[in-house]
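Below you'll find the structure, written out as structure tokens, and then a few comments.
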Amino acid sequence: MALPAKGSRDPSLPHIRTKLPGPAASKVLEQDRQFISPSYTRPYPLVARKGRGAIIEDVDGNRFLDFSAGIAVVATGHCHPKVVRAIQKQAAELIHMSGTDFYYPSLARLAQKLAEITPGNAPKRVYFGNSGTEAIEAAMKLARIYTGRDKFIAFTNAFHGRTLGALSLTASRPVQRRGFGPLVPGVVHIPYANCYRCAYNLKPEDCGMHCARVIEEQLFQTLLPSDEVAAIFVEPIQGEGGLIVPPPEFLRELRRICDKYGILLVADEVQCGFGRTGKMWACEHSQVVPDIICLAKGIASGMPLSATVSRADIMNWPPGAHASTFGGNPVSIAASLATIELLEEKLVVQAERLGQYLLQRLRDWPDRHALVGDIRGQGLMVGIELVLDRQSKQYATPQRDRLVQAAFEKGLLVLGCGVSTIRLVPPLTVSQKQIDFAVDVLDRCLTKIESDSAPKSARSQNQRK
Ligand code: PLP
595 MALPAKGSRD
605 PSLPHIRTKL
615 PGPAASKVLE
625 QDRQFISPSY
635 TRPYPLVARK
645 GRGAIIEDVD
655 GNRFLDFSAG
665 IAVVATGHCH
675 PKVVRAIQKQ
685 AAELIHMSGT
695 DFYYPSLARL
705 AQKLAEITPG
715 NAPKRVYFGN
725 SGTEAIEAAM
735 KLARIYTGRD
745 KFIAFTNAFH
755 GRTLGALSLT
765 ASRPVQRRGF
775 GPLVPGVVHI
785 PYANCYRCAY
795 NLKPEDCGMH
805 CARVIEEQLF
815 QTLLPSDEVA
825 AIFVEPIQGE
835 GGLIVPPPEF
845 LRELRRICDK
855 YGILLVADEV
865 QCGFGRTGKM
875 WACEHSQVVP
885 DIICLAKGIA
895 SGMPLSATVS
905 RADIMNWPPG
915 AHASTFGGNP
925 VSIAASLATI
935 ELLEEKLVVQ
945 AERLGQYLLQ
955 RLRDWPDRHA
965 LVGDIRGQGL
975 MVGIELVLDR
985 QSKQYATPQR
995 DRLVQAAFEK
1005 GLLVLGCGVS
1015 TIRLVPPLTV
1025 SQKQIDFAVD
1035 VLDRCLTKIE
1045 SDSAPKSARS
1055 QNQRK
């Protein structure tokens, strides 16, 4: 597909009409620099003004194709008309009441819906918060009070949030933890099922899920009494930590261990849930039913909302044990109910189909691109890991960062994750034409980066490996 020189007249594709950042964006950046917390990480100067579907327009009228979906949030695309209508109607009727102290019908209605569509047939209950990290905090507290145990197992490269409890489980980047200790004690991290970089140097064909079995065979035999462990927290697919897709047996093995030792299995589906992977929940790919499932991001197409869903017998804490003023806000709930309808109508199925198409378009990249070490994904949650060479698998972080930047300059919004991976998480409403455009932009940008950064002889050698 030919890329337009400076942009496209087609409103579903990018159009860059100013230098980036443009004049209006530059003014915002100046104000932002002065007043906004410098702890935010902005990979490039996108200053968004409006969005529709997978397209974002900036304050200078430049049009971008959004393969970040606001960090995997706008599952139904930016400002889906049905979601906007639901928000407007609700905002005109009741904006806030606080579900922790009062009742309103939609709170229980969404809770019932979530109980019905999350895995497992046992009766369930729902706790509402406002963000992913709050869903995790609630799960940590719930696991402790229910089991009477205080320890947790989590995984390296995990991202579960940044409030102090969730941060204690997070093991994604040192900067997220440095200077904030002491964190919640009693969290033990072990390597995740990253088959591209197996911590134990094993092959997936015959490893026998060693990375899960170490819990039973090493941890419980040496440093961690199994009867003190309240829960294992796991992302069924790791997002922030590098878009790592484990084999389905991994979750099954964790389930077996949890059942054997009376430990709760908590699935953090904050990023991989709500249809993104081509099933409503990523843990469905392993046919595993978690005891607690944490949801946020895609839950309400961009309105702040999170949910911690568990079996009713587990969520049996006393009044006052846990609550939040804003959790389960009526406007967010209206957006969520509309979002779930759209997902159930067709978007989950579409994510499966288009995800396969995207992966198939990228399949030959490890042969064609010297810098591409691994392509992996499930549905519309796809990662491209860049390495300096395929033998040593040395991370190509500067090249990854350059690719993110170069794509932005061509009107494509992508985010990095892990050490050297590009994360493709477009809205589930993305079209095949938009996928083609994104793949072609990345292809060209990567080719340019490769030819800029490697001597010719090394490059052709690498491509043969
Ligand atoms: N869990 C996972 C898997 C996430 O990806 C994130 C955010 O990226 C969180 C939890 C925290 O969510 P929030 O940023 O809404 O607190």
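Position 244 (the sequence shown) corresponds to 838 in my numbering; numbering is contiguous. We put the CB at the ideal spot given by N, CA and C, even for glycine.
Approximately 6 Å separates the beta-carbon atoms of A752 and E829; this is inside 8 Å, confirming the contact. Residue side-chain check: Q770 keeps its Cβ at 7 Å or more from all non-hydrogen atoms of the ligand PLP. Using a cutoff of 7 Å, the CB of E834 counts as near the ligand PLP, since one of the ligand's heavy atoms is closer than that.
In this structure the stretch 794–814 does not touch the stretch 765–773; the number of beta carbon pairs closer than 8 Å is below three. Contact between the stretch 695–710 and the stretch 671–683 is absent: fewer than three C-beta pairs spanning the two stretches fall below 8 Å.
DSSP places V860 in the uninterrupted beta strand (DSSP E) bounded by L858 to D862. Residue pairing by DSSP places M975 opposite Q972 in a beta bridge.
For G973 and G949, the gap between their C-alpha atoms comes out near 4 Å.
In the displayed model, Y855 falls within a helix according to three-state DSSP.
When only Cα atoms are considered, L848 and S926 end up about 33 Å apart. Checking the DSSP bridge columns, you'll see Y989 partnered with V981. If only complete runs of 4 or more residues are kept, the stretch 690–719 shows the alpha helix (DSSP H) at 699–711, in order along the chain.
E939 and P819 have their C-alpha atoms roughly 46 Å apart. Taking C-beta atoms as the reference points, M909 and L736 count as a pair closer than 8 Å.
According to the DSSP secondary-structure assignment, H754 is paired through a beta bridge with no residue. As the crow flies, the alpha-carbon of E935 is around 15 Å from that of G872. Taking C-beta atoms as the reference points, E979 and G971 fail to come closer than 8 Å. With a beta-carbon spacing of about 14 Å, V860 and A890 fall beyond the 8 Å limit used to define contacts. Annotation: T933 is outside any beta strand (DSSP E); the continuous alpha helix (DSSP H) that includes it extends over P924 to L936.
With 16 or more neighbouring CB atoms inside 10 Å of its own CB, T712 falls in the buried class. Under the DSSP assignment, C1039 falls outside any beta strand (DSSP E), being part of the alpha helix (DSSP H) whose first and last residues are Q1026 to S1047. At a Cβ-Cβ threshold of 8 Å, H754 and D885 do not count as neighbours. Take the alpha-carbon of G835 and the one of V1013: they are about 8 Å apart.
Secondary structure of Y721 (DSSP, three-state): strand.
For R955, the uninterrupted alpha helix (DSSP H) segment begins and ends at V942 to L956. Relative to the ligand PLP, T727 has its C-beta within less than 7 Å of a heavy atom.
The ligand PLP approaches Q865 closely enough that one of its heavy atoms is under 7 Å from the residue's Cβ. Between the alpha carbons of Y721 and A906 lies a gap of roughly 11 Å.
Under DSSP, the beta-bridge partners assigned to T1015 are E979 and C1011. Here E799 carries a coil assignment [DSSP, helix/strand/coil]. Less than 8 Å separates the beta-carbon of I784 from that of F749. DSSP places Q865 in the coil class of the three-state scheme, outside both helix and strand. Inter-residue distance for V823 and I838 is about 25 Å (C-alpha atoms, whole angstroms).
Between F868 and G896, the gap from beta carbon to beta carbon reaches 8 Å or more. When beta bridges are read from the DSSP output, I826 appears opposite I747 and L859. The nearest non-hydrogen atom of the ligand PLP is 7 Å or more from the C-beta of G742.
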